[in-house]
Structure formats: structure tokens, C-alpha cells
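In full-length UniProt numbering, the protein residues as written are 1 to 186. Note that CB positions come from ideal geometry on N, CA and C, so glycine has one too. Note that the structure is predicted; figures quoted are calculated from it, not measured. A short write-up of the structure that comes next.
Structure, rendered in C-alpha cells:
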């Protein structure tokens with residue numbers, strides 16, 4: 001199957017090389033689409049828009065999926081907006097310009113799936129995401145290997161806590177964790 005958003009992925013690679021910025025493209029859009037299609041989330045949050053590749057992948061998983069995506073770089077938001085419009089997904093994707101910490105405070109809980117694809121996640125960000133996620137919802141977390149040793153240990157402890165998370169099969173050749181938020185009401 002041909003990736004319908006390959007041009008956005010390629011544009012992201014070129015942009016990152018030309019500008020030396022943090023807009024690295026996600027390398028397994030097909031697995032992300034397959035996962036989101038199987039989970040059927042209605043409300044999705046993405047941290048790390050870059051040029052919109054994964055926002056498009058997530059939005060395309062269902063005609064009722066609504067994606068909120070955050071990036072701190074105004075140029076990335078502008079380019080992502082153009083790409084998302086070009087592929088006809090503007091109705092399903094809302095872009096937020098700002099840093100993760102501040103922007104997350106503005107959002108309402110109730111997400112079914114959250115995709116972290118920013119630079120290395122931190123425990124405070126993961127806790128905020130957990131609070132925004134529905135019980136039984138999914139956290140898909142990339143770039144864990146970019147964390148410093150102390151943060152990596154804390155993330156490992158957090159994600160292996162059976163009172164908080166249930167690990168699922170990873171994607172992106174094992175580099176992206178898939179975790180289900182434990183339903184604490186039972």
C-alpha cells in the first residue's frame with residue numbers, strides 16, 4: 001500500500017535537513033494508521049506536529065476522528081496547516097501553536113488516543129497526558145530513547161506500573177511504546 005502522505009513525510013525530511021530543526025518525521029506512519037484504525041479513537045491529541053505527517057495519518061484512521069496537534073515552532077504550524085489543507089483533512093485537524101506545558105493546560109480531558117512525538121518525554125508531561133486521557137485510552141509514545149538516563153529510568157518505572165498502564169505491542173520496530181491507561185474505577 002502506498003502511503004498517501006509520503007510527500008509530507010519527504011517534505012519534513014527536507015525541511016529538517018535544510019533548517020537543522022527538530023522536525024524529524026515519524027518513520028512508521030503505516031503502523032500508526034493501522035493502530036489508530038483498530039482502536040477507533042474519536043478524539044486524538046498529538047504532541048509534535050512537525051509538518052503534519054502524523055496528524056494526517058491519525059486523522060485518516062476514521063472520518064470521525066478529530067485530531068488536536070501541538071507544536072512550538074510557528075513555521076512548522078504554518079507548513080503543517082498548508083499540508084493538511086492540501087490533503088483535505090482541515091476539518092479533522094486543529095493546530096495549536098505553543099509549548100506543550102502551557103498548551104496542555106488549555107485542553108479538556110477526554111482523549112481516546114494521545115501520540116507523543118516531541119523530543120524525549122518527561123514525567124510531568126506524561127502525567128498531564130494521563131490526566132487528559134480517557135480511562136482505557138491509549139498513549140502512543142515515541143522518542144523515549146532520547147531521554148537522559150535519569151528520565152529514562154523514571155519513564156520505565158512509570159510505564160511498568162500496572163496500576164497506571166497496561167503495555168501493548170510496540171510499533172516503529174519497538175521504538176514507540178503503546179500503553180493503555182488502566183481503568184481505576186473497577
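Secondary structure of residue i, DSSP reduced to three states
i, result
"residue 180", "strand"
"residue 156", "helix"
"residue 161", "coil"
"residue 167", "strand"
"residue 33", "helix"
"residue 143", "coil"
Nonlocal neighbours in the same chain, by C-beta distance under 7 Å from residue i, ignoring five residues either side
i, result
"residue 57", "5, 29, 32, 33"
"residue 169", "178"
"residue 119", "22, 143, 146"
"residue 43", "66, 110, 111, 112"
Cα-Cα separation, residue i to residue j
i, j, result
"residue 83", "residue 96", "15 Å"
"residue 76", "residue 13", "12 Å"
"residue 23", "residue 92", "22 Å"
"residue 21", "residue 15", "8 Å"
"residue 27", "residue 145", "15 Å"
"residue 18", "residue 71", "19 Å"
"residue 108", "residue 59", "19 Å"
"residue 104", "residue 7", "29 Å"
"residue 102", "residue 174", "30 Å"
"residue 62", "residue 89", "11 Å"
"residue 100", "residue 166", "24 Å"
"residue 130", "residue 85", "30 Å"
"residue 160", "residue 94", "32 Å"
"residue 164", "residue 151", "18 Å"
For residue j and residue i, believed in contact at Cβ under 8 Å, the rounded distance
i, j, result
"residue 47", "residue 148", "Residue 47 to residue 148, Cβ: 19 Å. No contact."
"residue 123", "residue 155", "7 Å"
"residue 141", "residue 121", "6 Å"
"residue 126", "residue 172", "Residue 126 to residue 172, Cβ: 18 Å. No contact."
6 Å CB neighbourhood of residue i in its chain, flanking five on each side removed
i, result
"residue 45", "68, 111, 114"
"residue 128", "104"
Nonlocal neighbours in the same chain, by C-beta distance under 8 Å from residue i, ignoring five residues either side
i, result
"residue 137", "41, 111, 112, 113, 114, 180, 181"
"residue 87", "4, 5, 8, 56"
If you scan the segment 44 to 122 from start to end, which runs of the beta strand (DSSP E) of 3 or more residues do you find wholly inside it? 66 to 71, 93 to 97, 111 to 116
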